[in-house]
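Colleague:
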Amino acid sequence: MMGDKELIYAAEIWSVKQGKEEEFLKIWTDLANWTKANEMCSIGIILLQDLEQKNRFISFGPWKTSTCVQAWRQQPEFKTAFVKLKEMCDEIKLSTMKSVFNIPQGMM
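Dropping the structure here:
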C-alpha cells in the first residue's frame with residue numbers, strides 16, 4: 027500500500043499464437059515504453075513469460091487509481107497497440123485488481 031491509498035493493478039493474461047511471440051514482445055514493449063514516457067499514472071510495468079508454455083505471458087503493474095487504468099485503456103495509442111496485440115493472440119484477459127495480501131521485499 028502507498029500511504030493511505032490502495033494501489034490498483036492492471037493485469038493481463040496473453041495467450042499468443044505460436045510463432046508470434048517475438049512480434050508480440052516488440053509491440054508490447056513499445057506500448058509499455060509509451061505508457062512510461064507519457065506518465066499515465068503507472069508506477070511500474072512487468073511482463074512475465076511462462077517457462078514451459080512459451081506463448082503465455084502475464085503483464086501487470088501498480089497504478090495510482092482505477093480511473094488511471096481506465097483512462098489509459100481509452101487512449102488512442104493503447105487502442106491501436108491493443109488491436110495489433112489482439113491479432114496475434116488466441117485469448118486475452120484484461121483485469122483491474124487490488125492487492126489483498128503482500129509481504130514487502132526484505133520482510134521474509
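Residue numbers for the sequence shown follow the working numbering, so the first one is 27 and each next one is one higher.
Every residue gets a Cβ at the ideal spot worked out from N, C-alpha and C, and that includes glycine.
1. Who pairs with Phe-83 in a beta bridge, going by DSSP?
2. Counting along the chain, where does the beta strand (DSSP E) carrying Lys-124 start and finish?
3. Taking only three categories from DSSP, how would you classify Ile-129?
4. Cβ of Cys-115 within 8 Å of Cβ of Trp-89?
5. Taking Trp-98 and Thr-122 to be in contact with their CB atoms under 8 Å, please state how far apart those CB atoms are, rounded to whole angstroms.
6. Tell me, to the nearest whole angstrom, how far the beta carbon of Ala-37 is from that of Phe-86; I am working on the premise that it is less than 8 Å.
Modeller: On the basis of the coordinates in this document:
1. Paired residues: Trp-40 and Gln-75.
2. Per DSSP, Lys-124 is one residue of the beta strand (DSSP E) stretching across 115 to 124.
3. Coil at Ile-129, not helix or strand.
4. Contact flag unset, no.
5. Separation of the CB atoms of Trp-98 and Thr-122 is rounded to 10 Å, and the pair is thereby denied contact status at 8 Å.
6. With a Cβ gap of about 4 Å, Ala-37 and Phe-86 count as contacting.
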